[in-house]
Structures are given as C-alpha cells and as structure tokens.
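Residues 7 to 424 in the working numbering are what the sequence shown lists, from first letter to last. This report concerns only the one structure given below.
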Amino acid sequence: MKKKWCFAAFFLCVGLAAAFLFWQGEEGKEVRETEEEQKKQIYVLCAYETKLHQQILNEVAEYYSKRSGCAEVHMEFIPKENFKKEICLRMDNGKTADLIICDNGMMPALIDMGVFADLSAYVEAQCQDSMNFQKLWNTTMDDGKYYGIPFTCDPYVLFYNQDVFTEKGLSAPEDWDGLLDTCSALQDSVGDKFGFAAKRPEEIYAFYRALLYACGGSLNTMDQEGGVEAADILEELKRSRYIGKQTINLTEADVARSFAEGKVLMMANRLSASTILRSSRMEFSAGIIPLPGDVRESLMLSGENIGVTEYADREAYRFLTYLYQDDIQERICNAMDTLPVKAAVPYQSKRIGPDEGTGFLNRYINEGWCAETNNSWFEIAQQVSESLYNLLEVRGTKPEDTAEELQNAVKLIIIKKR
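Right under this line is the structure:
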C-alpha cells in the first residue's frame, strides 16, 4: 500500500513540475510576444535599384533590428521616377518614413518641401569633422542649418573598355574634345562609342550638369559659351552617331549592363555602376577615370545624403548613429563601390579592372567641388530632359537654340520658386 502511495506522490510531483514548467514557458512566450509587439518600427525610404545595393542595406537593417533594445528597421526601395510622388503622398497622409536617403542634388528641394528635421545639433555633436568631403555638407544645408548627412560619395566617372583601347593603341580621354576624337578613332569597332543615361529626368540632368560645369557653364549661364559648348558636344555625339539611337530610353543600370556586354565602349555613369559590372560576366578589363574635363576638371562631388523626417521617432537617431559606425560605413562603401565619406574608412579599389587606387580617392578629396544647390531640382531636371530629348531626337536642332531655350526655362523655374 505504501508503494502505491509513493508512486502516486511521485507522479503527482512530476505532473505538477511539468505543469509549472509549461506555465512558465507559456508566460515567457507571452512576454516575448508582447515585447515584439511593442518593438518600435523604423522605416527608411530610398531609391536604390541595384540588387547588391539593396542587399547590403537590408543586411545592415536586419542586423541592427536583432540587437537587444533596438527598433525593427524596414528598408523601402522606391523606383526613382516615383520618388518625389511617393514622398508627397506620404506627407499628405502623415505616414512618411523616419529616414530618407536621396540624391544630394535632390535634398534642397525636399528641404524646401518641409520633409526633413533640423539636424544641426546632431551633426555638430556627432560627425561634422569626420568626413572626407567637407564640401558635400553644402548639399545638406539651408539657411545655416543642417538637414542631412552625406551618406555616399558617388561621382560620375568615365568607364572604358581597356582591351579595345589597348588593341587600338588609345589612351583614356582627358577632355571632351579628346573624347570626341577617341569616338572617331573607334569608328570601326563594334558597339556604340559612348553611352549615358537619358531616360529619367533626374539621371540625364545629373550627367548634363556634370558636363555643363566642366565646360565652364552653370544654371545661370546656360545660354553662354560654356552652356552652348555642352549642348554642342551632345549634338556632335548624336550627329556623328557616337551614341546609339536607344540612348534616350536607357537608365543608368541599362547603360551599365550594355557596357558589361561590350555593346558600349565608353560610358559616363556613377562610380557605383561598378557593382553591376562586377556582378556581370565581363569578358574584358574596364578602366575607370574621372569624367573628361574642359574649362575645369570634372571632379564634381555627388552621391546620396540621408535625413531624418519631421515625423520620425527618436529611435531613428539611434539607427542613424549606427549607420555611421566605421565598420558599417566600410561594409556599405565596399558593397556599393562608392568613395568612403568617413575619413576613418579605408578605400577599397574597384575590383572590375585597373583604376588609380588611393590616388583616385585623393583627387576627389583634394580637388573635388560641388555645384551650387538649388531647391528646383525636380522642375529643372524635367526641363533639361525635355530640351535634351529634342536635341538628341529632332533633326536640325541647333545647340545654341537648345542652350537658349534651357536658360529661359530654368530662369523662369528659379524665379517662381523664390
């Protein structure tokens, strides 16, 4: 009888212990679920379209989200042509992102729209003196206040098919006249001699602006010598058929893929196009140099800035600080094939072919310059796109007429914005 009571007591204890452990487990599960429900959500809006660029940002966001006490970060990738529209829609609905990564030429327009919060105190305390490219800060400012931080330095450069150049005994052109001469020397080579993106207004404007300023022009002198020369170079590229008929329909990614396939022998594109070339099965070596110069060196600094929106949660600042840790910046810079914005981050030479190594970086650090900022980015980009479309597609369009048309239209845009 005693044995029966002992067995009964034993199994009762085991059952109670199991029930207790189950209850503890369920309670812990409920606590974890409650913590997950309460975890703050941070949304970052950007326009990266290259898969490897999206991948590195998703990896960084995921790693941060798994850290104890950190918000869950969501990267949202919006097509470039819908970027402004998406931001406007979200502002109207009061549901904009916490952080926005945008082209630095675009940021003044978004600041003017009231998208970004004043980051002056944060910038001065955290990162103002740690950057390679101090001139890029001009693209983040308005009325003496900082509304963003330089995120990447991604200048327009010239890529060229080094194998074809070696075969022809050619060297990379240093000025735009030299580029036209090189195109002529490549006439019997297969493929378009030169390529650039002309489909999206923001992309063709970014390329044209680099050409315009290299020729000594500006937004205020588009109808003068430098502006006419820039239009004349584009007209010559079209007239001599150095660029393909499909140029007007190509994005930056399209041009990069065409170059990788050997269909284009030289291209003007962002340095980050190197990522597309690296992930392609290129059968030749590619050279990379700054864009050809003219009146001035083509060392215009461009890239992306990041800003915190007026709607952002305070957790957005913690993630912003995390993004600028040296190891995180190095990972992003290497994956995107851009120049490091932080002085403490080492430069990894492009892995698709020869370039100038650290000398390439130092040229932009020491000689790089920025065009003046303007809050009419979107409107000017649209006007440039329309005017250059006529120049590239309509026969008999005179460069001086295009330059005058552009100047009149851009002046009116700027006046309306004041």
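Note that CB positions come from ideal geometry on N, CA and C, so glycine has one too.
For this session: Find out if the Cβ-Cβ distance for the pair Met272, Tyr166 is shorter than 8 Å.
Result: What you label residue 272 is simply residue 266 of the sequence shown in a count that begins at 1. What you label residue 166 is simply residue 160 of the sequence shown in a count that begins at 1. Contact flag set, yes.
For this session: Just the C-alpha distance for Leu51 and Leu63, rounded to the nearest angstrom, thanks.
Result: As a first step, residue 51 is located in the sequence shown; it is residue number 45 there, counting from the start. As a first step, residue 63 is located in the sequence shown; it is residue number 57 there, counting from the start. Cα atoms of Leu51 and Leu63: separation of roughly 11 Å, rounded to the nearest angstrom.
Exercise. If you check the beta carbons only, do Pro298 and Asp181 fall under 8 Å apart?
Worked result: To locate residue 298, count along the sequence shown from 1; it is residue 292. To locate residue 181, count along the sequence shown from 1; it is residue 175. Against a cut-off of 8 Å, the Cβ pair of Asp181 and Pro298 comes out as a contact.
Problem set entry | Beta-carbon contacts of Tyr49 that lie in its chain and below 7 Å, excluding the five residues immediately before and after | The count along the sequence shown starts at 1 and reaches residue 49 at position 43. So the qualifying residues of the chain are His80, Glu82, Ala103 and Asp104.
Problem set entry | Contact between the stretch 187-197 and the stretch 256-275 (3+ Cβ pairs under 8 Å) | Segments in contact, yes.
Exercise. Among Ile239, Leu277 and Ala115, which has the Cα closest to the Cα of Ala341?
Worked result: Taking the sequence shown and counting its residues from 1, one reaches residue 341 at position 335. Nearest of Ile239, Leu277 and Ala115 to Ala341, Cα basis: Leu277.
Problem set entry | Where Arg38 falls: helix, strand or coil (DSSP) | To locate residue 38, count along the sequence shown from 1; it is residue 32. Note that Arg38 scores 45 on pLDDT, short of 50, meaning its location in the model is unreliable and no value can be drawn from it.
For this session: Measure the alpha-carbon distance for Lys205 versus Met288 and round it to whole angstroms.
Result: For this step, residue 205 is matched to residue 199 along the sequence shown. For this step, residue 288 is matched to residue 282 along the sequence shown. Their backbone Cα atoms lie some 24 Å apart in a straight line.
Problem set entry | Length of the line joining the Cα atoms of Asn110 and Gly222 | To locate residue 110, count along the sequence shown from 1; it is residue 104. To locate residue 222, count along the sequence shown from 1; it is residue 216. C-alpha separation (whole angstroms): 21 Å.
Exercise. Arg276 lies in the beta strand (DSSP E); which residues open and close that run?
Worked result: Here the question's residue 276 lines up with position 270 in the sequence shown. Met272 to Arg276 is the extent of the beta strand (DSSP E) around Arg276.
For this session: Spatial neighbours of Tyr353 within its chain, please: CB distance less than 7 Å, with the 5 preceding and 5 following residues excluded, ordered by chain position.
Result: On the sequence shown, residue 353 is found 347 positions in, with the first residue counted as 1. Annotation for Tyr353: Leu345, Pro346, Thr364 and Leu367 place their beta carbon closer than 7 Å to its own, counting only its chain and skipping 5 residues before and after.
For this session: Would you check if the stretch 241-248 and the stretch 293-311 touch, i.e. whether three or more CB-CB distances between them fall below 8 Å?
Result: No: the two stretches stay apart, fewer than three of their Cβ pairs being nearer than 8 Å.
Problem set entry | Element boundaries [alpha helix (DSSP H), containing Gly309] | For the purposes of this step, residue 309 is identified with residue 303 of the sequence shown, where counting begins at 1. It is not in any alpha helix (DSSP H) - Gly309 instead sits in the beta strand (DSSP E) that spans Gly309 to Val314.
Problem set entry | Lys208 vs Lys86 beta-carbon contact at 8 Å | Translated into the one-based positions of the sequence shown, residue 208 becomes position 202. Translated into the one-based positions of the sequence shown, residue 86 becomes position 80. Note that residue 208 is Glu in the sequence shown, not Lys. In contact: Glu208 and Lys86 (Cβ atoms closer than 8 Å).
Exercise. From which residue to which residue does the alpha helix (DSSP H) around Ala237 run?
Worked result: Translated into the one-based positions of the sequence shown, residue 237 becomes position 231. For Ala237, the enclosing alpha helix (DSSP H) covers residues Glu231 to Arg245.
For this session: State the Cα-Cα distance for the pair Glu406 and Arg73, rounded to the nearest angstrom.
Result: As a working note, residue 406 is residue 400 in the sequence shown. As a working note, residue 73 is residue 67 in the sequence shown. Answer to the nearest angstrom: the Cα atoms are 59 Å apart.
Problem set entry | Cβ-Cβ separation, Asp124 to Tyr153 (assumed contact under 8 Å), whole Å | Within the sequence shown, residue 153 is the residue found at index 147, counting from 1. Within the sequence shown, residue 124 is the residue found at index 118, counting from 1. Tyr153 to Asp124, Cβ: 6 Å. Contact.
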